[in-house]
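S.K.: One line per chain: the protein sequences are B and R, in this order.
My numbering puts the last residue of the first sequence at 1612; the count rises by one with no breaks.
My numbering puts the last residue of the second sequence at 882; the count rises by one with no breaks.
Even for Gly, the Cβ is constructed at its ideal location relative to N, Cα and C.
My questions all concern the structure below.
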Amino acid sequence: MLTKHELLEPLARLRGNAVVITCMGVTRPWARYSESELDFASADSAMGHTADFALGIALARPQRKVICLNGDGSMLMTLGTLVTAAQAAARNLFLFVIQNDIYELTGNQPIPGAGRVDFAVLARGAGFLRVYSFDDANSYAASLPEVLSGAGPVLVVVKVEPGSEGPISRSEREASDYLKVSLADSGRRLRRALDAPDPVN
Amino acid sequence: MAQARLILEELKKNHVTHIISLPDNSSAMLLGLLSADRDIRLISVTREGEAFAIAAGLWIGGKVPVVLVQNTGFFESGDSFRGTITRLRVPLVCLITYRGYAKLVSWRLEARREALDAETLSRADLDSAALVTEATLKAWGLPFDFLHADEDVAKISEAFRKTKENEQPFAFLITQDMT
């Protein structure tokens, strides 16, 4: 099992100019590695709808990689999005499922199917052609360049240790810059960033 | 009733790039046209809540999406609509087919749309989806108008103008099957 540091640090180094959408237990930790205007926290948003939101961005900007760091509980809420993403053939979508088998923000209750649900199998069944699973830091770090270099949609399951993130708010009290502003302002910032000249990655 | 062809033309006038939808009988004609259309991409979803989140992402990426769902699907989309379209202030035009509208009108129950009771909501000769549609849109802060017939289709362009100006979504309730 990986720590969040082992999950996020290599990804922050390799993301290039990809959009990164975070949610739930990695929302605050990601902001310790990145201050990019291409980061967007799906916080104070619609629960369980991070992956489909990221899919929309990917379809709008096919030349831009979109990395979605989804929670396992969130993914369970919209499993149909696996089918939709595969059907839409979003070649630039890299959908990570951060599997810690708990609802971390609400007090670490187990998700349905904890210890049994296999997102890699679900993704293959939904039509994903590139699917990866990692439960140790070394193989994850070694494989990440390959994971991020090929065509998507890609599903990446990463088993991580349970954490202790509390509820997330959008307010000045949050340490992460991208949580200090409203969802609407965050959206405007990402729209501007996507419109700014940027080489294709 | 409104012709699907006219609705599609009006959407194209407003540079719509994507329609995200889950089919129903009322929208079948428009979806048929879209399946062969080269200008607007049709994205099929597994559940209507996905449609609003995808639309929000498309708008973030600079596209002009439209969501086409049945009123029942809109109910299913509640938190997705609230948490993405409303919170992000997406200027989204929604086309919502109004299941049960004909029965509502034939029983002259339009006036009771907002005065609902258990007896009315469980009547076998009525579709409760229709009874709660307009009250739901109002409760969720989604302004709306009606598309009854061809002469209403021109209102779509005005809605696009308003959504951009107000940074707020707008819905059309399509009251009869498209032809």
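What's the gap between the Cα of residue 1579(B) and the Cα of residue 720(R)?
M.R.: Numbered from its first residue, the first sequence carries residue 1579(B) at position 168. Numbered from its first residue, the second sequence carries residue 720(R) at position 17. So the two alpha carbons sit approximately 34 Å from each other.
S.K.: Is it true that the CB of residue 848(R) sits closer than 8 Å to the CB of residue 841(R)?
M.R.: For the purposes of this step, residue 841(R) is taken as the residue at position 138 of the second sequence. For the purposes of this step, residue 848(R) is taken as the residue at position 145 of the second sequence. No, the pair does not count as a contact, with Cβ atoms beyond the cut-off.
S.K.: Which one or two residues does DSSP pair with residue 1481(B) in a beta bridge?
M.R.: Along the first sequence, one-based indexing puts residue 1481(B) at 70. Partner(s): 1508(B).
S.K.: Have a look at residue 1611(B) and residue 1429(B) and give me their C-alpha separation to the nearest angstrom.
M.R.: As a working mapping, residue 1611(B) is identified with position 200 in the first sequence. As a working mapping, residue 1429(B) is identified with position 18 in the first sequence. Residue confidence is low: residue 1611(B) scores 46 on pLDDT, short of 50, so the model does not pin down where it sits. Its coordinate-derived value is still stated next. Computed Cα separation, rounded: 9 Å.
S.K.: In terms of alpha-carbon separation, which member of 1595(B), 1590(B), 1601(B) and 1607(B) lies closest to residue 1440(B)?
M.R.: Residue numbering aside, residue 1440(B) sits at position 29 when the first sequence is read from its first letter. The option with the nearest alpha carbon to residue 1440(B) is 1590(B).
S.K.: Verify the CB distance criterion: does residue 867(R) have a CB-CB separation below 8 Å to chain B?
M.R.: If you number the second sequence from 1, residue 867(R) lands on position 164. With 8 Å as the cut-off, residue 867(R) does not count as an interface residue toward chain B.
S.K.: Please work out which residues of its chain come closer than 7 Å, Cβ to Cβ, to residue 1426(B), disregarding the five sequence neighbours upstream and downstream, and give them in chain order.
M.R.: As a working mapping, residue 1426(B) is identified with position 15 in the first sequence. Around residue 1426(B): 1478.
S.K.: Under DSSP, the alpha helix (DSSP H) around residue 1492(B) begins and ends at which residues?
M.R.: To locate residue 1492(B), count along the first sequence from 1; it is residue 81. Start and end: 1491-1499.
S.K.: Counting only beta-carbon separations shorter than 8 Å, does residue 1498(B) have a partner in chain R?
M.R.: Looking up residue 1498(B) in the first sequence gives position 87. At least one CB atom of chain R sits nearer than 8 Å to the CB of residue 1498(B).
S.K.: Mind listing, in chain order, the continuous alpha helix (DSSP H) runs of no fewer than 4 residues lying wholly within the stretch 784-834 of chain R?
M.R.: 804-809 and 821-824
S.K.: Using a Cβ-Cβ distance under 8 Å, would residue 756(R) count as near chain B?
M.R.: Along the second sequence, one-based indexing puts residue 756(R) at 53. Cβ-Cβ to chain B under 8 Å: yes for residue 756(R).
S.K.: Does the CB of residue 740(R) have a neighbour CB from chain B at under 8 Å?
M.R.: Numbered from its first residue, the second sequence carries residue 740(R) at position 37. For residue 740(R), the answer is no, since every Cβ of chain B falls outside 8 Å of its Cβ.
S.K.: Give me the Cβ distance between residue 1529(B) and residue 1509(B), rounded to the nearest whole Å; I'm assuming they're in contact under 8 Å.
M.R.: Translated into the one-based positions of the first sequence, residue 1529(B) becomes position 118. Translated into the one-based positions of the first sequence, residue 1509(B) becomes position 98. Actually they are not in contact, since the Cβ atoms of residue 1529(B) and residue 1509(B) sit about 15 Å apart, beyond 8 Å.
S.K.: Would a C-beta distance cut-off of 8 Å place residue 798(R) and residue 877(R) closer than the cut-off?
M.R.: Sequence index remark: in the second sequence, residue 798(R) carries index 95 (1-based). Sequence index remark: in the second sequence, residue 877(R) carries index 174 (1-based). Cβ atoms of residue 798(R) and residue 877(R): closer than 8 Å.
S.K.: Please report the straight-line C-alpha distance between residue 1418(B) and residue 775(R), rounded to a whole angstrom.
M.R.: Here residue 1418(B) refers to the residue found at position 7 when the first sequence is read from its first residue. Here residue 775(R) refers to the residue found at position 72 when the second sequence is read from its first residue. Spanning the two alpha carbons is a distance of roughly 40 Å.
S.K.: Taking 8 Å as the CB-CB limit, is residue 782(R) close to chain B?
M.R.: Position 79 of the second sequence, counted from the first residue, corresponds to residue 782(R). Yes - at least one Cβ of chain B is within 8 Å of the one on residue 782(R).
S.K.: How about residue 1515(B) and residue 1435(B): do their beta carbons lie closer than 8 Å?
M.R.: As a position in the first sequence, residue 1515(B) is number 104, starting the count at 1. As a position in the first sequence, residue 1435(B) is number 24, starting the count at 1. A contact, by the Cβ cut-off of 8 Å.
S.K.: For a cutoff of 8 Å on Cβ pairs, would you count residue 1588(B) as touching chain R?
M.R.: If you number the first sequence from 1, residue 1588(B) lands on position 177. Taking Cβ atoms only, chain R never reaches closer than 8 Å to residue 1588(B), which makes this a no.
S.K.: When you compare only the Cα positions, how much space is there between residue 1540(B) and residue 771(R)?
M.R.: Reading the first sequence from its first residue, position 129 is the one you call residue 1540(B). Reading the second sequence from its first residue, position 68 is the one you call residue 771(R). Spanning the two alpha carbons is a distance of roughly 29 Å.
S.K.: Any contact of the stretch 859-873 of chain R with the stretch 818-835 of chain R, i.e. 3+ C-beta pairs under 8 Å?
M.R.: These segments do not touch.
S.K.: List the endpoints of the continuous beta strand (DSSP E) containing residue 1543(B).
M.R.: Numbered from its first residue, the first sequence carries residue 1543(B) at position 132. Residue 1543(B) -> beta strand (DSSP E) spans 1541-1545.
S.K.: Cutting at 6 Å between CB atoms, please list the residues of its own chain near residue 869(R), excluding the five before and the five after it.
M.R.: Here residue 869(R) is taken as the residue at index 166 of the second sequence, counted from 1. Once the five neighbours on either side are set aside, residue 869(R) has no close Cβ partner at all.
S.K.: In the DSSP assignment, what are the bridge partners of residue 874(R)?
M.R.: The residue labelled residue 874(R) in the question sits at position 171 within the second sequence. According to DSSP, residue 874(R) bridges with 797(R) and 847(R).
S.K.: Could you run through the stretch 1427-1460 of chain B and flag, in chain order, every residue whose CB is less than 7 Å away from some CB of chain R?
M.R.: 1455, 1456, 1457, 1458 and 1460
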